[in-house]
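Notes for the one structure printed next.
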Amino acid sequence: MALVCVSGASFVYFQRRKLVVARQQLQTLEELVRLRTSELAEQNDKLEGVNDQLLKASMTDALTGLHNRRYLYDYLENQVAIMQRYLGQLEAGESSHQALLLEPSIFFMMIDLDGFKSINDSFGHPAGDEALIQVCDILVKYTRDSDTLIRWGGG
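Residue numbers for the sequence shown follow the numbering used here, beginning at 35 and rising by one.
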């Protein structure tokens, strides 16, 4: 009988010990998962930041800092959608006073620097770049915050 009790006690002890070890392993694994999840979230935040920077760079002229042609395409697509929505409201009979006050409009102006190639040919590309930067600075100075300046050329 004593042998059975010792065997039973040993069995219970080892089972409890296995349970304690299993719980410790589970806690360790849960902590590893928490740490890895935190690391992945941090990496994801960094990647989103880099992606935002890349998107901005892809829509900005590197020389002047103005928006570029790609930005213009997206901007015009958005503005056309606004105009279509407004025209759809008018066609549906929504010509309320408020709708008329919110009538969207687009004004588009393109400026060409005539003879600009001669500046590059005569004085070199660095001088041409500086001239472009100065022209853009003047345009920025005399436009409203609500206006959008875009450099068409320059790739």
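In this text, a Cβ means the ideal position worked out from N, Cα and C, and glycines have one as well.
Remark: C-beta atoms of ARG178 and LEU100 do not approach each other more closely than 8 Å. With 16 or more neighbouring CB atoms inside 10 Å of its own CB, THR98 falls in the buried class. A straight-line Cα-Cα distance of about 15 Å links LEU173 and ASP95. Our two residues, ASP108 and ALA115, have alpha carbons roughly 11 Å apart in a direct line. Counting along the chain, the unbroken alpha helix (DSSP H) around HIS159 starts and ends at 159–175. DSSP, read as helix, strand or coil, puts ILE184 in strand.
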